[in-house]
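One structure is given here, and the rest of the page talks about it.
Number of protein chains: 2
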Amino acid sequence: MATLQDVAVAAGVSPATASRALSTPASVSMERRHRVLEAAERLGYRPNRSAQALASGRSGHIGLVVPDLANPFFATVAKGVQSQARGAHRSVLVADTDEDVRAEREIVDDLQPNVGGLLLCSPRMPEDEIRDAAARGPVVVVNREVAGLASVSFDVASGVHAALAHLRALGHTRVAYVGGPSTSWSDARRRAALTEVAGLEIVDVGGQRPIHQGGVAAADLVIAAGATAVLAYNDLVALGVMARLHARGLSVPGDVSVIGFDDIPAAAYVSPALTTVALPLTRAGHEATTLLDGLDAAAEPPTVRLPVELVVRDSTGPAALPLKG
Amino acid sequence: MATLQDVAVAAGVSPATASRALSTPASVSMERRHRVLEAAERLGYRPNRSAQALASGRSGHIGLVVPDLANPFFATVAKGVQSQARGAHRSVLVADTDEDVRAEREIVDDLQPNVGGLLLCSPRMPEDEIRDAAARGPVVVVNREVAGLASVSFDVASGVHAALAHLRALGHTRVAYVGGPSTSWSDARRRAALTEVAGLEIVDVGGQRPIHQGGVAAADLVIAAGATAVLAYNDLVALGVMARLHARGLSVPGDVSVIGFDDIPAAAYVSPALTTVALPLTRAGHEATTLLDGLDAAAEPPTVRLPVELVVRDSTGPAALPLKG
DNA sequence: GAAAATCTTGAATGCGCTTTCACGGCTCGA
DNA sequence: TCGAGCCGTGAAAGCGCATTCAAGATTTTC
C-alpha cells in the first residue's frame, strides 16, 4: 500500500508538499502539484483515513444513527446521506438503534468521538441529551427539531392539513388518527396539526408501533370509532390498517378511506394504491449532509423544513354512510 | 475528551499497561486491571478508533458495499451486519453503488484501505476483480459465490425446485420465469436450477431491473407467453407483475399464480399476499460478519450456503385453463 | 536599489494508540 | 543453592498523515 511518503519520494518533493498538493492544491506550485498528482495516480495512492483523522483531529466520516434500517423511511434517508457524502469523499458509518433509546445513547457515545459529524435521524432521546451531544461535536437532527440545533425536518402540519382538506372535500366528517410511538417527535407534530383543523371530527385512536403490525392492530379501533376515514402515522401503519380492514370485509375506499405518510415505494405498489403525504426523504438525507459540512459553531444553527406533498391515489374516495360506532 | 494517557495517569500505571488492560485483560494483574477499568469508566474514556487503527494496522471497521440501500433486500442484510458488528464493538461503513459496476469498483478501492474487512453484497464486478480485492484484505462475498473466496449465499436451487414443485402440484404445466439483471450471479443460479426440473415447461421471458417497475414491464410478456404461473427474480419484480396483471384485468391466483423470491416485508402486506421463497437475509448479515471476523488467510475460505424456505401465501392457486399465447 | 511583504518549500513535531523490547522479580528444576 | 524460564511492567518507537515553523526565493513598494 503506497503511503504519502512514497508519493513524495516518487515526485521528488517533501511529504509536506505532497500533503499540500492533495489537500490544498492552491498552495503548491503548478509544476510540483502535477508531479505529485501524477505520482499518486501512478502508485495508486489511497490516503489512510485513520492517519488523516488522527493528525488533523477531523474524522471525515459521517455518523448516521437511525432507529431501523429495514424501515424504508430510514433506508431512503440513508441512501440520500450516502450519495451526498460520497460526493464529498466522506464515508458514512451507520448504526441502527432498533428503536431503543438506551441503545441510541450508547451508539451516540460510541460513534461521536470517531466521526466528524453526527446525523441523528428521528432520535428518541430527550432533548437535553441531544443538546449534550451537539455540544461535543457537529450534530444535525433529522425528522425532528430541537431548539438551538441544526435540523432537517418536514412541514408535517401542511401535510396533515392537505390530507384533511382532501378528506373533507370527499365528504368525510369523522376521521380517525392512528398515531406512532408516543415518544416520537413527528407523531406529536401530526397530533398538533390535527387539532388546528375545524369542520372535521378527529378521533384519536392512540399510538402504535410504526410498522405494519401496528396498523393491523389499530384497524379494529378505527372501525369501532365509527370513522369513515383514517389518517395514519406512516405508510407502513396505513398499509396494516388496510390489510386488516380488508380482512374484516371492509372495502377501501368504498367503506373507509386511508391516508398514509412518507410515500414509501410500497405505497404505490399495493392495491388500492395508497394516498399519502409524500416526504422528500432522499432530499432530507442530502440536505442534512450538506448542513453538517457547513456547520459553524459560531453561527445560528440552520433549520430547514422541507415541503411535503399530498399524493392522491386510490385509497381515498367519497365518504360512505358512517359506520355505526 | 479523555485519552488513554489520562486513564493511565489516573490509574497510576503506564500507558502500555492501560492499553493492555483494555485490549488484553489477561495479560495484566487483576489489581491493576481493575484500577484501569475503574479510571476509564470514571473519566468516560472512549478509545480513538483512528489512533487504534493507525497504531495496530487493523481498522476495526467493517465495510459493507451494497447495490441499493433502499432495496429491502439489502437494507435487511445491512441490518443484520450492523447488529452483529455492534456486538463485536465494530462499526459499519456502508456504501451504496447504485447498481453501477464502475461506482462499485471505485468504492471498493476507496473503502478497502480503511476498513478491517469488506462485505461485498451481490457484487456486480467480474470475479477476477473481486479476487484482486480479496488479495488485498479480508473479503466476504454475500449472495454470490466466487471460487476460493469466503462467501455467504442462499440455496437458491432448492428454492426454485420447491417453487416449481408447488406449482406442479397445483396443476400448472407452463411457467414463465422473469429474470433479473443479466450480470447478476443469483439470476444465473436461478436459471441454472430451472433447467434441471422436468415435467414443467419453463418459458424464459428475459431479464428485468430487479425492482417493481421491472415486473410491471415483464407482465405483458408473461401473458403473451401463455403461462399460467410466474416465477420472478425477486419479490419486488413479482409485485410488479401482479400489479400489471391486475391492471390488465387478470386475477391472481385465479388466472395466474405468482411466486417471488426473498420474502421482503411487503410480500406479506400486499393482497393477495405473495407466495415466495424466503431467504434468511438478516442471518446472512450475521453469518457474513462472523465469517469476516474469523477469516484466516491460511485456511480454506469457508463457504456457507443458507437454507431457504418456500412460504406459501395467497398468490398461488390451482392452474386455470392456459391463456392463449 | 534596498527593505519589506509575499509565496513556496522542507524539517520537524505530534495526534492517540499498539507493540516490541528489555528489565526486574518470580517460580521451578536440578 | 543457582541458573533457566516465565510473567507483569514500563520505556520507547512509530503507524501515516497534517501542520507549524523557519528559511529561502521571489515579488512588491517607496
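Residue numbers (my numbering), protein chains in the order written: chain V, 1352 to 1676; chain Y, 1352 to 1676.
By construction, the Cβ of each residue, glycine as well, lies at the ideal position given by its N, Cα and C atoms.
Distance between beta carbons of residue j and residue i, contact taken as under 8 Å
| i | j | result |
| --- | --- | --- |
| threonine 1579 of chain Y | valine 1607 of chain Y | 6 Å |
| serine 1509 of chain V | valine 1663 of chain V | Rounded, the Cβ-Cβ distance is 15 Å, inconsistent with contact. |
| alanine 1639 of chain Y | valine 1491 of chain Y | 5 Å |
| isoleucine 1481 of chain Y | leucine 1444 of chain Y | Not quite, the Cβ-Cβ distance comes to about 18 Å (not below 8 Å), so this is no contact. |
| proline 1418 of chain V | isoleucine 1615 of chain V | Not really, about 15 Å apart at Cβ, beyond 8 Å. |
| aspartate 1451 of chain Y | leucine 1420 of chain Y | That pair is no contact at about 13 Å. |
| leucine 1661 of chain V | alanine 1513 of chain V | 4 Å |
Buried versus exposed call for residue i [16 or more other C-beta atoms within 10 Å across all chains shown]
| i | result |
| --- | --- |
| alanine 1359 of chain Y | buried |
| serine 1531 of chain V | The question names serine, but residue 1531 of chain V is glycine in the sequence shown. Glycine 1531 of chain V comes out buried. |
| threonine 1667 of chain V | buried |
| proline 1398 of chain Y | buried |
| serine 1380 of chain Y | exposed |
| leucine 1355 of chain V | buried |
| proline 1474 of chain V | buried |
| arginine 1599 of chain V | exposed |
| threonine 1375 of chain Y | exposed |
| alanine 1543 of chain Y | exposed |
| methionine 1593 of chain Y | buried |
| serine 1535 of chain V | buried |
| arginine 1541 of chain V | buried |
Residue-level contact to chain V via CB, residue i, 8 Å cutoff
| i | result |
| --- | --- |
| glutamine 1559 of chain Y | no |
| aspartate 1461 of chain Y | yes |
| serine 1401 of chain Y | yes |
| methionine 1476 of chain Y | no |
| serine 1473 of chain Y | no |
| histidine 1597 of chain Y | yes |
| alanine 1682 of chain Y | Given that chain Y is displayed from residue 1352 to residue 1676, the structure contains no residue 1682 of chain Y and the question cannot be resolved. |
| histidine 1512 of chain Y | no |
| serine 1345 of chain Y | A query on residue 1345 of chain Y cannot be resolved here, the shown segment of chain Y reaching from 1352 to 1676 and no further. |
| valine 1663 of chain Y | no |
| leucine 1352 of chain Y | It should be pointed out that residue 1352 of chain Y corresponds to methionine in this sequence rather than to leucine. Interface residue, yes. |
Euclidean distance between Cα positions of residue i and residue j
| i | j | result |
| --- | --- | --- |
| glutamate 1496 of chain Y | valine 1507 of chain Y | 12 Å |
| glycine 1411 of chain V | alanine 1362 of chain V | 26 Å |
| alanine 1377 of chain V | aspartate 1647 of chain V | 23 Å |
| alanine 1671 of chain Y | leucine 1521 of chain Y | 10 Å |
| alanine 1501 of chain Y | proline 1604 of chain V | 51 Å |
| arginine 1656 of chain V | histidine 1637 of chain V | 13 Å |
| aspartate 1571 of chain V | alanine 1527 of chain Y | 39 Å |
| alanine 1486 of chain Y | aspartate 1460 of chain V | 35 Å |
| leucine 1545 of chain Y | proline 1477 of chain Y | 24 Å |
| lysine 1675 of chain Y | leucine 1587 of chain V | Note that lysine 1675 of chain Y scores a pLDDT of 48, beneath 50, so its modelled location is shaky; the value from the coordinates is reported in the next line. The straight-line gap from Cα to Cα measures roughly 39 Å. |
| alanine 1635 of chain V | alanine 1372 of chain Y | 43 Å |
| arginine 1384 of chain V | serine 1407 of chain V | 21 Å |
| glutamine 1463 of chain Y | serine 1442 of chain V | 12 Å |
| proline 1489 of chain V | leucine 1643 of chain V | 7 Å |
| alanine 1436 of chain Y | valine 1428 of chain Y | 12 Å |
| leucine 1596 of chain V | alanine 1624 of chain Y | 15 Å |
| alanine 1569 of chain Y | isoleucine 1610 of chain Y | 14 Å |
| alanine 1369 of chain V | glycine 1558 of chain Y | 48 Å |
| phenylalanine 1425 of chain V | alanine 1516 of chain V | 28 Å |
| glycine 1565 of chain V | alanine 1402 of chain V | 47 Å |
| aspartate 1538 of chain Y | tyrosine 1584 of chain Y | 7 Å |
| alanine 1439 of chain Y | glycine 1550 of chain V | 55 Å |
| histidine 1563 of chain V | alanine 1618 of chain Y | 12 Å |
| valine 1387 of chain Y | valine 1364 of chain Y | 8 Å |
C-beta neighbour in chain Y for residue i, strict 8 Å
| i | result |
| --- | --- |
| glutamine 1433 of chain V | yes |
| aspartate 1447 of chain V | yes |
| arginine 1393 of chain V | no |
| histidine 1637 of chain V | no |
| threonine 1427 of chain V | yes |
| tyrosine 1528 of chain V | no |
| tyrosine 1584 of chain V | no |
| asparagine 1494 of chain V | no |
| lysine 1430 of chain V | yes |
| leucine 1521 of chain V | no |
| valine 1443 of chain V | yes |
| serine 1303 of chain V | Since the first residue of chain V shown is 1352 and the last is 1676, residue 1303 of chain V is not available in this structure. |
| leucine 1420 of chain V | yes |
Going along the chain, which unbroken runs of the alpha helix (DSSP H) with 4 or more residues stay wholly within the region 1373-1424 of chain Y?
If only complete runs of 4 or more residues are kept, the region 1373-1424 of chain Y shows the alpha helix (DSSP H) at 1381-1394 and 1400-1407, in order along the chain.
Could you pull out every unbroken alpha helix (DSSP H) segment of at least 4 residues lying fully inside the region 1525-1561 of chain Y, listed in chain order?
List check, alpha helix (DSSP H) in window: 1536-1546.
Ranges of the alpha helix (DSSP H) found wholly within the region 1450-1494 of chain Y, counting only runs of at least 4
For the region 1450-1494 of chain Y, whole alpha helix (DSSP H) runs of length 4 or above, ordered along the chain, are 1452-1462 and 1478-1487.
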